[in-house]
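Chemist: Can you keep this structure in mind? I'll have questions shortly.
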């Protein structure tokens, strides 16, 4: 066996460098090495340069095949003598490509993947994810970070040009410079050549040649020192594989815009800004464009490819203009850069790459799943796919593996974990385009509508008499799907059956919209449902129209628009008496009582509430008996009979507790808190308001939380704490304004009086400043104000 002379390698390297007219600095830069390292090699300091280093130098010097062989022989004579020296011959593409842009926002992922590759048992690590998530760029960064661990180097193999899995082994052999041997398959030749090599191979874009997975598995099994880092939109599904999903970049908070410096550190925003600056050198993140940039990143789901394509548009569009044009992002996200693969020059092409790999029956299934907005459950998927051959769990697993859908965390109505799935917005837009041009669009959307009508009716049964927060939250989870179903069914071109289902769905949901403070949105849907001018709407079943009328009237009333509410409620009451429907008639009477109560017509209101109370007793609806009893107490309070008001509200509270209903319990306690405050029973008031506040927060009803905060403000004013009272009033006003909720009589009179007293007790300028400042109180700050108020109340003498 030939022994190595370090000086021989160094001398040959120096001759070749000088012959190529390179300085040490120039050659080091071209080869990606340090000048010191290159100098050490020429001086014979290193005993055994790595094969990867030799290859980098050979590539940088553009050596002939014979020169490569001579350089390898000088570096490692024993390997040049071996037949496997062919790994170095034929100018192999063993250097890792240098990415054109730096990696942003993936520090945690790089560290995690490097750690995984450091584990001896991990031989095949596959990065999966949808098109445009940056799998290739991440794989290259990881490979560059760990290549020093592999004495025989790292090799990148792009499989995207291939269409036949049988060509994968030859492609790897070509990249490694392994020559075919007579009488051997490419797999056998590769295994023989790599059996003793400590080598990292990056296989990029494996998803369309998954048929080669068995060959890859055989290489891993036969070459114990070989490690493969693969990228694929779908796992390779072999036993040796460790699959890691590459998720989109971190996004800015939807609810609160971060300070500019912090926003610039969010990965998606940082990528947008860097690529925008590459397109327009004068571009910068500013207070003016920050909201639009954050919204763009959100709209694009943090997908690196989509963000890069969008950012390039700042050459001609401002971020505000770009945001407005992203309603249909696939039409905007494209590039003319020639060094970008064809499949990534448009976002549409990147997604089509994955979609076109699916069999036709899977394409039909994923098209139907595109009818969902905001995600879907297993049960929903099964109903909409409507295919006896579709095993829901297996089918969704296939589409998840293909990176066309993704798992979303969720909970069912009982609060237990339930699998939930969804599509990224750009993927959904592409698949919806495919659905629209298929012959399956109408059938799929009608199945979607029918499913959510049934779902809403099932949910309603769980909160119409006993407010179950779990089912209300389940409806909230499906609100985007409900919006999509209503939008489709209530458009003019729909047929009678679809219109009817849309009216039925809207009428079923009005209590949900009320409980969850979607007053304005619910009102608009119900207005569309009852305002359809065509014959289809007129022929809708009377009970469905009745419920939609009552719901519209209720939400318009709670929105402070009684002029619009009254005609709808009166028509609903007439239909209810005509069809003999005690439930919706009782609701119509209750809301009519609310309208009269808020207008100060207490005698009229009492008549409506008593009739409604009798109907609810007739149908054994104890929860709504509690509601009407509560309102009778409010009427008494309006008539300045605090004793009777307390008695009736206490009765409503007892009924609510006996029915285990948090809504009526909270409602009665909130009003008792107000009455107790006006009678000087401050400790009882604070106790009642605290329970009401907690219950409403748990139910997620913003309107009622705001009302309780306003009553805490009344209590603060009564305790001669004007600054605190004004801060709480201001915070409640902001919350009410966000949902469009109106304040009602008779409590409005109490609020106005307490606010006036507080303003008189402080300097006008100070009061204005406090009000403006505290309109920005967050939930924690409001809680701190209430806690401080409770401390004061606890030391107050008990006079109850």
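Numbering (this note's numbering), first residue to last: 781 to 1580.
Cβ atoms here follow ideal geometry from the backbone N, Cα and C, with glycine treated the same way.
1. With 16 other CB atoms within 10 Å as the buried threshold, where does residue 1444 fall?
2. Buried or exposed, going by whether 16 or more other CB atoms sit within 10 Å of the CB of residue 1136?
3. Measuring CB atoms only, is the segment 1034 to 1049 touching the segment 994 to 1007, in the sense that at least three cross pairs come out at less than 8 Å?
4. Thinking residue 1305 and residue 1286 are a contact (beta carbons under 8 Å), I'd like their distance in whole angstroms, please.
5. For residue 1494, which of 1517, 1462, 1557 has the nearest alpha-carbon?
6. What is the rounded straight-line gap between the Cα of residue 839 and the Cα of residue 1024?
7. Once the 5 residues before and after residue 830 are set aside, which same chain residues still bring their CB inside 7 Å of it?
8. Could you say which of 1170, 1002, 1129 lies nearest to residue 1146 if we only look at CA atoms?
9. Would you decide whether residue 923 is buried or exposed? Buried here means 16 or more other CB atoms lie within 10 Å of its CB.
10. Determine the closest residue to residue 982 out of 971, 1054, 955, with distance taken between C-alpha atoms.
11. Below 8 Å on the Cβ atoms is my contact criterion, and I expect residue 1235 with residue 1258 to pass it. Report the Cβ-Cβ distance as a whole number of Å.
12. Kindly give me the distance between the Cβ atoms of residue 970 and residue 952, rounded to whole angstroms, as I take these residues to be in contact under 8 Å.
13. Taking the alpha carbon of residue 915 as the reference point, which residue from 928, 935, 890 has its own alpha carbon closest?
14. Could you pull the start and end residues of the beta strand (DSSP E) that residue 1008 belongs to?
15. Comparing C-alpha positions only, which one of 1225, 1241, 928 sits nearest to residue 1265?
16. Spatial neighbours of residue 796 within its chain, please: CB distance less than 6 Å, with the 5 preceding and 5 following residues excluded, ordered by chain position.
17. Cα-Cα, which of 1421, 1465, 892, 1027 is closest to residue 1204?
18. Would you report the Cα separation of residue 1575 and residue 1433, rounded to the nearest angstrom?
19. Quick check on the DSSP output: the beta strand (DSSP E) that includes residue 1025 runs from which residue to which?
20. Is residue 1157 helix, strand or coil when you go by DSSP?
21. Quick one: what does DSSP say residue 934 is sitting in, helix, strand or coil?
22. Would you report the Cα separation of residue 849 and residue 1015, rounded to the nearest angstrom?
23. Could you pull out every unbroken alpha helix (DSSP H) segment of at least 4 residues lying fully inside the segment 1448 to 1513, listed in chain order?
24. Grab me the residues of residue 1118's own chain with a C-beta within less than 6 Å of its C-beta, minus the 5 sequence neighbours each way, in chain order.
25. Report yes if the C-beta distance between residue 1271 and residue 1324 is below 8 Å; otherwise report no.
26. Short check: CB of residue 1177 to CB of residue 1134, under 8 Å?
27. Which of the three DSSP states is assigned to residue 959 in this structure?
28. Comparing alpha-carbon positions, which option in 1073, 1449, 1214, 1141 lies nearest residue 1471?
29. Using CA atoms only, rank isn't needed, just tell me which of 1438, 1446, 1391, 1378 is closest to residue 1415.
30. Quick check: the Cα distance between residue 1201 and residue 1161, rounded to an integer number of angstroms?
31. In three-state terms, what does DSSP make of residue 884?
32. With three or more beta-carbon pairs closer than 8 Å as the criterion, would you say the segment 1375 to 1393 touches the segment 1356 to 1363?
33. When burial is assigned at 16 or more other CB atoms within 10 Å of the CB, is residue 885 buried or exposed?
34. Please identify the residue among 825, 854, 824 whose C-alpha is closest to the C-alpha of residue 835.
35. Between the Cα of residue 991 and those of 1536, 1049, 1437, 948, spot the shortest distance and give me the residue it belongs to.
36. Kindly confirm or deny that the segment 1093 to 1101 and the segment 1052 to 1072 touch, where touching means at least three C-beta pairs closer than 8 Å.
Modeler: Quick look at the numbers:
1. Here residue 1444 refers to the residue found at position 664 of the chain shown. Buried is the call here.
2. On the chain shown, position 356 is the one that residue 1136 refers to. Residue 1136 should be labelled exposed.
3. no
4. By 1-based counting over the chain shown, the position of residue 1305 is 525. By 1-based counting over the chain shown, the position of residue 1286 is 506. The Cβ separation is near 5 Å, so the contact holds.
5. For the purposes of this step, residue 1494 is taken as residue 714 along the chain shown, with counting starting at 1. Comparing Cα-Cα distances from residue 1494 to each of 1517, 1462, 1557, the minimum goes to 1462.
6. Residue 839 sits at position 59 when you count from the first residue of the chain shown. Residue 1024 sits at position 244 when you count from the first residue of the chain shown. One C-alpha to the other measures close to 33 Å.
7. Here residue 830 refers to the residue found at position 50 when the chain shown is read from its first residue. Same-chain partners within the cutoff: 931, 933.
8. In the chain shown, residue 1146 corresponds to position 366, counting from 1. Per the Cα distances, 1170.
9. Locating residue 923 in the chain shown gives position 143, counting from the first residue. So residue 923 counts as buried.
10. Numbered from 1 along the chain shown, position 202 holds the residue referred to as residue 982. Among 971, 1054, 955, the Cα nearest to that of residue 982 belongs to 955.
11. For this step, residue 1235 is matched to residue 455 along the chain shown. For this step, residue 1258 is matched to residue 478 along the chain shown. The pair is a contact, with the Cβ atoms about 7 Å apart (cut-off 8 Å).
12. Along the chain shown, read from residue 1 onward, the residue named residue 970 stands at position 190. Along the chain shown, read from residue 1 onward, the residue named residue 952 stands at position 172. Right, their Cβ atoms sit about 6 Å apart.
13. What you label residue 915 is simply residue 135 of the chain shown in a count that begins at 1. Among 928, 935, 890, the Cα nearest to that of residue 915 belongs to 890.
14. Looking up residue 1008 in the chain shown gives position 228. That run of the beta strand (DSSP E) goes 1006 to 1012.
15. Residue numbering aside, residue 1265 sits at position 485 when the chain shown is read from its first letter. For residue 1265, the nearest C-alpha among the options comes from 1225.
16. The residue you call residue 796 lines up with position 16 of the chain shown. Only 841 meet the Cβ criterion.
17. The residue you call residue 1204 lines up with position 424 of the chain shown. Checking every option, the nearest Cα to that of residue 1204 belongs to 1027.
18. Start at 1 with the first residue of the chain shown, and residue 1575 comes out as number 795. Start at 1 with the first residue of the chain shown, and residue 1433 comes out as number 653. C-alpha separation (whole angstroms): 26 Å.
19. The residue given as residue 1025 occupies position 245 in the chain shown. That run of the beta strand (DSSP E) goes 1021 to 1025.
20. As a first step, residue 1157 is located in the chain shown; it is residue number 377 there, counting from the start. Of the three classes helix, strand and coil, the one that applies to residue 1157 here is strand, per DSSP.
21. Here residue 934 corresponds to residue number 154 of the chain shown, with the count starting at 1. Three-state result, residue 934: strand.
22. Stepping through the chain shown from its first residue, residue 849 is reached at position 69. Stepping through the chain shown from its first residue, residue 1015 is reached at position 235. Approximately 38 Å between the Cα atoms of the pair.
23. 1462 to 1479, 1482 to 1498
24. For this step, residue 1118 is matched to residue 338 along the chain shown. Summary for residue 1118: the model assigns pLDDT 46, below 50, so the residue's position carries little reliability, and this model does not support an answer.
25. Taking the first residue of the chain shown as position 1, residue 1271 is located at position 491. Taking the first residue of the chain shown as position 1, residue 1324 is located at position 544. No. Outside cutoff.
26. Residue mapping note: residue 1177 aligns to position 397 of the chain shown, counting from 1. Residue mapping note: residue 1134 aligns to position 354 of the chain shown, counting from 1. Contact: no.
27. As a first step, residue 959 is located in the chain shown; it is residue number 179 there, counting from the start. Reduced to three states, the DSSP call for residue 959 is coil.
28. For this step, residue 1471 is matched to residue 691 along the chain shown. Ranking 1073, 1449, 1214, 1141 by Cα distance to residue 1471 puts 1449 first.
29. For the purposes of this step, residue 1415 is taken as the residue at position 635 of the chain shown. Checked all of 1438, 1446, 1391, 1378; the closest Cα to residue 1415 is 1378.
30. Reading the chain shown from its first residue, position 421 is the one you call residue 1201. Reading the chain shown from its first residue, position 381 is the one you call residue 1161. About 9 Å.
31. Residue 884 sits at position 104 when you count from the first residue of the chain shown. In the structure shown, residue 884 sits in coil (DSSP, three-state: anything other than H, G, I, E or B).
32. no
33. Against the chain shown, residue 885 aligns to sequence position 105. Buried is the call here.
34. Translated into positions along the chain shown, residue 835 becomes position 55. When each option's Cα is compared against that of residue 835, the closest is 854.
35. Taking the chain shown and counting its residues from 1, one reaches residue 991 at position 211. Looking at the Cα atoms, 948 is the closest of the given residues.
36. yes
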